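S.K.: Submitted below is the structure of interest, expressed as structure tokens.
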Amino acid sequence: MSLLVNVLSRHSDLSSIPPRGTRRADMGLWRTRDGKFICTTDMEPRYWAIFCETVGRPDFVALQNDVESRPEIRSALEAIFRERDLDEWLAILGAAGTQFAPVHSIGEALEDPHNKARGMALSYQGAGGRTVRQIGQPVRFGQESPVRWLGRAPGADTEALLEDIGLSKAEIETLRTTGALGEFQLTYSTSYSPTHPYGAADEQWIERIQDQTDGRVAITPFWGGSLITSREGVDELAAGVADIAFIAPIYASSGYDLSRLTPQFFYGYEDAQDVLGVYLDLWEEYPQFAEELDGVKVLGFNAGTPMHLMLREQPFEELADLQGLRIRSAVDYVGALANFGAEGVTMPMAETYPSLQRGVLDGVI
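Residues in the sequence shown are numbered consecutively from 30, following the working numbering.
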């Protein structure tokens, strides 16, 4: 509730709930022409005036606190930011002196000069000669360089720890032969829960691998995006956050254009096997698909057809029904939904179900 105090204090009469669509227009996340995002925070009147002049809408200066004008201003700003690439906006707003920042992917954040200078982007030599990237410690004490080391491989200390708690060699060997201890301890991350159909399928193949390897391969699942996120999954997997993951490049904040855009050609087709066959043909013919996922090894594909628009409380019969709704969608639909008066929300699937239940979302694609 404390997070709502600032918002609710702006409404003198709370007997009627403030409607959606009246969020501040002088701050927000805006999608640029190249599919990336920029954050602006020009709440102070002097910065808001500079911002409006810079984007070519000085008429918005006097409307900063006009609640009724906010949807119109936000819609206009969304269109304005889609006219230029992120780098162009960074240069324009930087020269003007407004309040802004780019929204980085994990890979971009690791390459940021400021983070590198502060020692926040680290590289280690991992197992098999693989380079492992990690973030540094932001808290510093004095000028001494912090001591850093690479964490040991999962399972490397299992036997020693079991001996420390009193297990004998024979007891440890029994655990190993029964599959309780694997020679290969792997982690698997997914944004879905174990009760979701995808999660149920995951549990089956994880169990099958353990059975077929006589317990030599043990896979620990991490559910609900607790280890790898939906938006940065490819970068996080390549960085070694998990050994295996269900990743969906269509949710990426930026980049992976082929992986994000190609599935749109299949919407409306109901035979998943046919869709998958065509997609595999594209992979074989165009190496650019594999190049986008350099750093990870693709084990399999998922065909998500058919696609449907589902609303929480009302039927969808015509485009006008979208007006004022918040719809969970892939990032590529955000602009299209905005054109019909809806707000596209690029929310991870793990958060979608509870958000629909609580009314945070009105629908989902």
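The beta-carbon is built from N, C-alpha and C at its ideal position, and this holds for glycine as well. In this text, all values refer to a predicted model and were calculated from it rather than measured experimentally.
1) Would ILE276 be called buried (16 or more neighbouring beta carbons within 10 Å of its own) or exposed?
2) If you draw a straight line from the C-alpha of HIS225 to the C-alpha of ASP286, how long is it?
3) Residue range of the beta strand (DSSP E) that MET56 falls in?
4) Where SER283 and ASP95 are concerned, what is the direct C-alpha to C-alpha distance, given to the nearest angstrom?
5) Exposed or buried, what is VAL168 when buried is set at 16 or more other beta-carbons lying within 10 Å of its beta-carbon?
6) With a cut-off of 8 Å, do at least 3 Cβ pairs link the segment 58-67 to the segment 125-134?
7) Spatial neighbours of PRO383 within its chain, please: CB distance less than 6 Å, with the 5 preceding and 5 following residues excluded, ordered by chain position.
8) Kindly provide the ranges of any alpha helix (DSSP H) runs that are 4 or more residues long and lie completely inside the segment 258-337, ordered along the chain.
9) Among the residues of its own chain, which have a CB less than 7 Å from the CB of LEU58, if the five just before and after it don't count?
10) Could you give the DSSP three-state label for MET378: helix, strand or coil?
11) With a threshold of 16 other CB atoms inside 10 Å of the CB of GLU342, please say whether the residue is buried or exposed.
12) What residue does the alpha helix (DSSP H) around VAL363 start on, and which one ends it?
13) Between which two residues does the beta strand (DSSP E) containing THR203 stretch?
14) Which term fits TRP234, buried or exposed, when burial requires 16 or more other beta carbons within 10 angstroms of its beta carbon?
15) Please go through the same chain and pick out, in chain order, the residues whose beta-carbon is closer than 7 Å to the beta-carbon of TYR362, but skip the five residues on each side of it.
16) Rounded to whole angstroms, what is the Cα-Cα separation between ILE136 and LEU340?
17) Express the C-alpha separation of ALA150 and GLY165 in angstroms, rounding to a whole number.
18) Looking at C-alpha atoms only, which residue of PHE213, PHE251, THR219, VAL327 is the closest neighbour of GLN239?
19) On the DSSP letters alone, give me the boundaries of the alpha helix (DSSP H) that GLN239 sits inside.
20) Under a three-way DSSP split, which group does ILE394 fall into?
21) Assuming LEU359 and TYR296 are in contact, meaning their beta carbons sit under 8 Å apart, how far apart are those beta carbons, in whole angstroms?
22) With 16 other CB atoms within 10 Å as the buried threshold, where does ALA271 fall?
23) Is it the case that the segment 78-95 contacts the segment 120-127, given that we only count it when at least three CB pairs across the two stretches are under 8 Å?
24) What is the rounded straight-line gap between the Cα of ALA267 and the Cα of ALA138?
25) Ends of the beta strand (DSSP E) at ILE135?
26) If I'm right that GLY228 touches PRO377 with Cβ under 8 Å, what's the distance once you round it to whole angstroms?
27) How would you label GLY262, buried or exposed, when you count the other beta carbons within 10 angstroms and need 16 or more for buried?
28) Going by CA-CA distance only, name the one from LEU311, ASP350, GLU140 that's closest to SER288.
29) Going by beta carbon distance, what residues of the same chain come within less than 7 Å of ASP71, once the five residues before and after it are set aside?
30) Looking only at C-alpha atoms, which of ASP264, LEU322, LEU210 sits nearest to ASP243?
31) Expressed to the nearest angstrom, what Euclidean distance is found between the alpha-carbon atoms of VAL304 and GLY329?
32) Rounded to whole angstroms, what is the Cα-Cα separation between GLU188 and PRO250?
33) With C-beta atoms as the reference, is GLY392 less than 8 Å away from GLY370?
34) Just how far apart, CA to CA, sit TYR217 and ARG162?
M.R.: Taking the coordinates as given:
1) buried
2) 28 Å
3) 56-60
4) Each residue's CA atom was taken as its position, placing SER283 and ASP95 some 33 Å apart.
5) Its Cβ having fewer than 16 others within 10 Å, VAL168 is exposed.
6) yes
7) none
8) 262-267, 286-290, 301-314, 317-321
9) So the qualifying residues of the chain are PHE66, CYS68, VAL132.
10) helix
11) exposed
12) 363-368
13) Segment 198-206 is the alpha helix (DSSP H) holding THR203; no beta strand (DSSP E) there.
14) exposed
15) GLY373, ILE394
16) It should be pointed out that residue 136 corresponds to Gly in this sequence rather than to Ile. Answer to the nearest angstrom: the Cα atoms are 35 Å apart.
17) Computed Cα separation, rounded: 6 Å.
18) PHE213
19) Judged by DSSP secondary structure, GLN239 falls within the alpha helix (DSSP H) whose first and last residues are 226-241.
20) If DSSP states are grouped into helix, strand and coil, ILE394 belongs with coil.
21) According to the sequence provided, residue 359 is Ala. The question's Leu does not apply to it. With a Cβ gap of about 10 Å, ALA359 and TYR296 do not count as contacting.
22) buried
23) yes
24) ALA138 has its alpha-carbon roughly 15 Å from the corresponding atom of ALA267.
25) Segment 135-140 is the alpha helix (DSSP H) holding ILE135; no beta strand (DSSP E) there.
26) Their Cβ separation, rounded to whole angstroms, is 14 Å, which puts GLY228 and PRO377 out of contact at 8 Å.
27) Buried is the call here.
28) LEU311
29) ASP55, MET56, TRP77, PHE80, THR127, GLN128
30) LEU210
31) Looking at the backbone, the Cα of VAL304 and that of GLY329 are separated by about 14 Å.
32) Taking the Cα positions, GLU188 is about 21 Å away from PRO250.
33) no
34) 19 Å
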